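To keep things clear, I will list the structure first and then write my remarks on it.
Number of protein chains: 2
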Amino acid sequence: MHSDKDTIKDVDEGGKGSIAHKLAENMKEISITEFFEKNKQILGFDSRTKSLLMGVKEAVDNSLDACEEADILPDVYVKVEKVNDDDYNVTIEDNGPGIVRKKIPDVFGRLLYGSRFHALRQSRGQQGIGISATVMFGNINTGKPAHIKSKIDGTDAVAWKMDIVIDTKINRPIVTNEQPFTWEGKAHGTRVDYCTKGEYRKGKQSIYEYLKNTAIVNPHAKITFDDPEGKRHTFERATDTLPVKSKEIKPHPQGREVGDLQKMLQLTQQKTLKAFLKNDFSRITDRIAEEILQAAKVTDKKAAAVTREDCVAIVKAIDTVKIMAPQTDCLSPIGETLIKKGLMTVLEGLRPDYYAQPVTRSPRSANGNPFLVEAGIVYGGDIPADSEVSILRIANRVPLLYQPGACAITKAVESMDWRRYGLDQRGGSGKPFGPAIILVHVASTKIPFTSEGKEAIANNEDIHNEIVQALRLCARNLKSHLNKKDKKGKTHAKFEIVQQILPEMASKSAKMLNRPVPDLSRTISKIMNVVWVEPKSSYDGKNKIKKVTYNVYNYTRAERSFRLHAILPREAVNETLLSDRFLNMNDEGKANWEILSVPPFTSVSVSFDLVGSMADTFSESDVYLSGVNSAFVMGADPLPGDWGIKGMEITESDTDVPDEAEEEEEEAAADDDDGKRKGGKEDDE
Amino acid sequence: MHSDKDTIKDVDEGGKGSIAHKLAENMKEISITEFFEKNKQILGFDSRTKSLLMGVKEAVDNSLDACEEADILPDVYVKVEKVNDDDYNVTIEDNGPGIVRKKIPDVFGRLLYGSRFHALRQSRGQQGIGISATVMFGNINTGKPAHIKSKIDGTDAVAWKMDIVIDTKINRPIVTNEQPFTWEGKAHGTRVDYCTKGEYRKGKQSIYEYLKNTAIVNPHAKITFDDPEGKRHTFERATDTLPVKSKEIKPHPQGREVGDLQKMLQLTQQKTLKAFLKNDFSRITDRIAEEILQAAKVTDKKAAAVTREDCVAIVKAIDTVKIMAPQTDCLSPIGETLIKKGLMTVLEGLRPDYYAQPVTRSPRSANGNPFLVEAGIVYGGDIPADSEVSILRIANRVPLLYQPGACAITKAVESMDWRRYGLDQRGGSGKPFGPAIILVHVASTKIPFTSEGKEAIANNEDIHNEIVQALRLCARNLKSHLNKKDKKGKTHAKFEIVQQILPEMASKSAKMLNRPVPDLSRTISKIMNVVWVEPKSSYDGKNKIKKVTYNVYNYTRAERSFRLHAILPREAVNETLLSDRFLNMNDEGKANWEILSVPPFTSVSVSFDLVGSMADTFSESDVYLSGVNSAFVMGADPLPGDWGIKGMEITESDTDVPDEAEEEEEEAAADDDDGKRKGGKEDDE
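Line order of the protein sequences matches chains A and B. Numbering-wise, numbering that gives the first Met the number 0 puts 600 at position 601 of the first sequence, and it's gapless, one number per residue. Numbering-wise, numbering that gives the first Met the number 0 puts 638 at position 639 of the second sequence, and it's gapless, one number per residue.
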């Protein structure tokens, strides 16, 4: 017996025995936990080695984010201990603000739960997945729960501890053994202990490597690591200044989709369309809101009355109206000085020859999301010369260790012709070779990672171009250093020959002719014909004092007046220590010294001390000289045009460029790829 | 006024104004829809071009899966139409079993909803994300809903249509305009129409390329594509046989974690631990369950009473007990013949010279998941000779177009030394160069993709090794073809010289000496000293008849007896058509012909016809000869040792290997990299 409704249903949906019905029986919802449990590789937990690293990474990223949000200089402790075979105990403890008791279970025991997902600002974690996934996989691997301890920053706060596992069927935490305790000697902070299957490796892609690189790009953090062999590694902080906190911003109108607008309109507190545009977006003023409505041919109306067609028109109109670029205080760059300082503190043991002046580019926008790129290059010393250049890939201050081939940073490095900058490279593209380390940091409110494991940055044209620009500037600085070193080396060899052979010849001739040995200084000057700048420095690590001296020799035939210029780390300058030849220094640390009337074959010197933790970031070889035709100068660069301060005019006598200098000039021209080499004349002495 | 409880809470959690409390205020749950909306790149929707492709891919994958599950030969129609600027209408229609009315909204309007997530068997889609994400992004882009039509396979079924959007806040479908209709001329099937922002591109990584490659590896599917320029592309099916349906299996005990076991024990229907092991896993018999319990030192107990420690012991014990590899009927390989047929049907226009015999490897297991690898190589013809070899990467019959650099298939190809197999390669690793296309298909119940966009297979040692093995076998076949071609070319040149010059010399000498022109056939035989196999074929595409003839010339000094061998596509063999020299053929199509007592300087021939759609998959140049020392044979390979059927013994006269043959033998040895070249003697004629 069928009711009408049943009959209709049968007609509607065919016989119950149909294949479509059989297929329908198996259809059901999948929980997000089950999804990630089955797709470990998306979160980066696809091998024993990687799992061990990923857990540490997720916990340390969270610790650093929490400390910075609470204006605390991070002090992070990491311990990885082998229990047996492939079982490891992992501990991460921080001095962050702690987590309030009732939020602890969700933070550690629920995927997609967090505070930063909807915030438009730079942070390491964003999705609320990482640490919960670590707890989940540890539990799947070993059946054991994670142990969490946390104490918040209230004056008389009690600490809490509890054991957490995730119920993967419903993505919710299961808490056991919850109890308060007194955490001796701890003002505030969080500690997570968990057990997991893993494999500890050294070298590339190791936990040590990750923590080392983290220390480089987080010079305000102290990180202590007890490795499974019982060895302690300590990365001291290189600065006591916290990075400028990134601010949360409203979405920028550019790059929005029709559906985004519709969704925002449903949720808006604003009454009218115009008020919505003005108040729910950044960079929209009254006037611009007006312009957008005009261009879209939409009259202002109640927010609730806006149609899909209106939204389509507004999205189109936004592209035609001039709107300021997204503001950029949502980003927190490391900064040029701190990149150098971070590299120096951590790479100390490698003793590189040269730290090229790091570059922090101005922020740009990619798909409406602000981003900026920073780059640094380290060269020479103990860095292996005959292998591929190492690339430190950093995203929002987090080092990336896996999937280099899929990453926009690697692709940008490989797209450049590094032979122009003094590195080896087969065929002018691909990985460069040589004793160098390249660091690239991409900071953004939204890094487009290729997967949730955050292993590589997806290729985006705007990001690619900015990386290339930053690297070029950095590489030019390296090239100029290498040129200077090369030229100086050659001239030095000539110098030694002239200074050895000429006096010997003179003394022999004088002896044979029975006449007094002549004064050769003018002759030697004539042959060398150069103003020689010789930087020297010594560093007292204990007292953090760097003593710098520039000896300037006038090996030319004329009297010389000139200025010396250098960019000093401002924090390290004690102005009373600057010598009396000192002229002035601006806010950026650009300092100038004036040296007048140096007679031929005499020398003068400029000395100063730098003090404090930034003292060692100064490279004395980055020095500039004005007032003398650069063709006569050895050991210093000509003052760059964008210096902002006028150097000294070149004096009359320099217009008479000597033969030797002419040759030098040609070399310089050849370096720029735009000069043809003329036959150099032999010196007639 | 505080209650006791309130006071405790305050003490527990510190002052309400603490930073920890401020941070806690922002913590909330994120819906999976919002997560993917913000992380488009994980699903592959990160650019306009890619979005357009991804939508088509997700819909077509679903159509093919549905048809195969319902034993229907797929007939899929795809239309991409430009509306304006970057707006496109996309349509995908199939002849699948249809979807029951009440399931349509969830299938198209809810992420993580589907029927295949928990099933251990090979399928294209698995997570229930792809098509819903396509609907979601289309809606975000344009504000428009997707239009779905579906009719199921009941005899008097009415078709249903409806509009669907996703409520991203809660991950649920919103349905409008739902109504029944009569779908004229349609027995069953589903059609989805949606509008999206996109950019249509041709060439690599295009929709055309994806559909073309899909047709190659799904030779049972017919695919019709109307492109935005109004051009129709039809990929006809190459076979009317559906692939063997993959079966769902129980999980294999190897590769399980402690947590997996605990979870399975919670859900099991079994009463005891032993029954659980035996019935909830594959490959565990009564005896093996017993062995596992013994090795784990756990006595059988109630399933509910099993502890974490028991699970730890059982996981360890599983590795010590011998258990059969996972069964493999959960996989559905394409098969060697159909790979060739698929390539031929689709690459017809390229007219390659040679289709190397494809290889289907036996299934293996990676982390407890069965997988198998298939490979094919196509060579020569109109394939560009001076560029990188194209690699067709296929996973579970779905072509992969993006992220080649991150993919295990690319890495395996680049790890091999292709110079050994006749392709160019700088330095013996990296991308090979030459006129070739390499196809690799990885089939598994669980492909470890690097991201949910399913663009690349994550690197896994077992999978890597199997890909390399499959490629080596395939490449050896290519190399042998190239060797044969090369040798034949050289011998052919010699033949022509001998046959032109000798008779001319003989006739001139005879004239000068005034004597009759001698018979040179024996002399020529002596110089050539070879059994020459000349394959010829013609193909009648209309009637699908391939006529094959082998002419075998005995250019040696002795009478010869031998057997000819070839592997025929069994479906194409009409045994009555085999010539009277035919001896036998086995189930694999390995066929043998016997040819006795061929006098010197005479020839014999073997002819047969192949009929039907598989006829053209036979390469006549893949022919083998036994009974003659291979050093005397030109144009056929020696019978491989693993042929399974005995060839003819080599007769006495062949032990007297002539000079010329000796030289050939050395060449063959040199090809194997293990022979040293001796000084070849000059022929004394």
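Glycine residues also receive a C-beta, built at the ideal position from the N, C-alpha and C atoms. Given the structure is predicted, the values throughout are model-derived calculations rather than measurements.
Item, Value
"Rounded to a whole number of angstroms, what is the C-alpha to C-alpha distance between residue 31 (chain B) and residue 43 (chain B)?", "16 Å"
"Return the chain-ordered list of same chain residues with a C-beta closer than 6 Å to the C-beta of residue 19 (chain B), the five sequence neighbours on each side being excluded.", "none"
"Of the residues B:649, B:540 and B:565, which one's Cα is nearest the Cα of residue 615 (chain B)?", "B:540"
"Can you check the stretch 198-275 of chain A for any alpha helix (DSSP H) of at least 4 residues that lies completely inside it and give the ranges in chain order?", "206-216 and 257-266"
"Whose CA, out of B:431, B:93, B:455 and B:434, lies closest to the CA of residue 408 (chain B)?", "B:455"
"For residue 440 (chain B), list the residues DSSP reports as bridge partners.", "B:373 and B:393"
"What are the start and end residues of the alpha helix (DSSP H) that includes residue 582 (chain B)?", "Looking at the DSSP string, residue 582 (chain B) is not in any alpha helix (DSSP H); the run it does join, the beta strand (DSSP E), is 581-584."
"Between residue 194 (chain A) and chain B, is the shortest Cβ-Cβ distance under 8 Å, so that the two count as touching?", "no"
"Output the distance between the C-alpha atoms of residue 107 (chain B) and residue 170 (chain B), rounded to the nearest integer angstrom.", "11 Å"
"Let's see if you can read the secondary structure: which residues bound the beta strand (DSSP E) around residue 135 (chain B)?", "Unbroken run through residue 135 (chain B) is the alpha helix (DSSP H), 129-141; no beta strand (DSSP E)."
"Where residue 445 (chain B) and residue 330 (chain B) are concerned, what is the direct C-alpha to C-alpha distance, given to the nearest angstrom?", "10 Å"
"For residue 161 (chain B), name the three-state secondary structure that DSSP assigns.", "strand"
"Candidates A:38, A:221 and A:557: which alpha carbon is nearest residue 600 (chain A)'s?", "A:557"
"Taking residue 581 (chain B) as the reference, give the member of B:597, B:568 and B:606 with the closest Cα.", "B:606"
"Cβ closer than 7 Å: which chain A residues qualify as neighbours of residue 97 (chain B)?", "19"
"Spell out whether any CB of chain B is found under 8 Å from the CB atom of residue 48 (chain A).", "no"
"Based on Cα-Cα distance, which residue from B:167, B:90 and B:322 lies nearest to residue 111 (chain B)?", "B:167"
"Pop quiz: residue 147 (chain B) and residue 55 (chain B) are said to be a contact at Cβ under 8 Å. What is the actual Cβ separation, rounded to whole angstroms?", "With 8 Å as the limit, residue 147 (chain B) and residue 55 (chain B) do not qualify as a contact, their Cβ atoms being about 16 Å apart."
"Distance cutoff 8 Å, beta carbons only. Does residue 654 (chain A) sit that close to anything in chain B?", "Reliability fails at residue 654 (chain A), whose pLDDT of 45 lies under 50, so the model's placement of it is uncertain and no value is given."
"Assign residue 362 (chain B) to one of two classes, buried (16 or more other C-beta atoms within 10 Å of its C-beta) or exposed (fewer than that).", "buried"
"Which residues of chain B have a Cβ atom closer than 9 Å to the Cβ of residue 180 (chain A), listed in chain order?", "Under the 9 Å cutoff, chain B gives no residues; its nearest Cβ is about 11 Å from residue 180 (chain A)."
"Which one of A:258, A:647, A:354 and A:438 has the shortest CA to CA distance from residue 592 (chain A)?", "A:647"
"From residue 156 (chain A) to residue 61 (chain A), what does the alpha carbon distance come to, in whole angstroms?", "22 Å"
"Which parts of the stretch 483-560 of chain B are runs of the beta strand (DSSP E), unbroken and 3 residues or longer, counting only runs that do not cross its ends?", "529-539 and 544-554"
"Could you have a look at residue 605 (chain A) and say whether DSSP puts it in helix, strand or coil?", "strand"
"Can you check whether the CB of residue 634 (chain A) is closer than 8 Å to the CB of residue 532 (chain A)?", "yes"
"Which same chain residues, not among the five before or five after residue 655 (chain B), have their C-beta less than 8 Å away from its C-beta?", "Any reading at residue 655 (chain B) needs caution, since the residue's pLDDT is 47, under 50, leaving its predicted position unreliable; the model's value is listed next. Nothing listed; no residue qualifies."
"Can you pull the chain A neighbours of residue 107 (chain B), defined as C-beta to C-beta under 9 Å?", "Neighbours of residue 107 (chain B) on chain A: none; closest Cβ ~12 Å, over 9 Å."
"Whose C-alpha, out of B:39, B:188, B:175 and B:376, is nearest the C-alpha of residue 98 (chain B)?", "B:188"
"With respect to the beta strand (DSSP E) encompassing residue 91 (chain A), which residues constitute its N-terminal and C-terminal limits?", "86-92"
"Between residue 214 (chain A) and chain B, is there a C-beta pair that is closer than 8 Å?", "no"
"So residue 331 (chain A) contacts chain B; which residues on that side make the cut at Cβ distance below 9 Å?", "What residue 331 (chain A) touches in chain B: nothing, since even the nearest Cβ is about 17 Å away."
"Would you kindly check if the distance between the Cβ of residue 572 (chain B) and the Cβ of residue 619 (chain B) is under 8 Å?", "no"
"If we require 3 or more residues per run, which beta strand (DSSP E) segments fall completely within the stretch 602-648 of chain B?", "602-610 and 622-625"
"Between the stretch 126-148 of chain B and chain A, which residues of the former have a C-beta closer than 7 Å to a C-beta of the latter?", "126, 127, 138, 139, 140, 141 and 142"
"Can you find at least 3 beta carbon pairs, one from the stretch 423-441 of chain B and one from the stretch 396-413 of chain B, that sit closer than 8 Å?", "yes"
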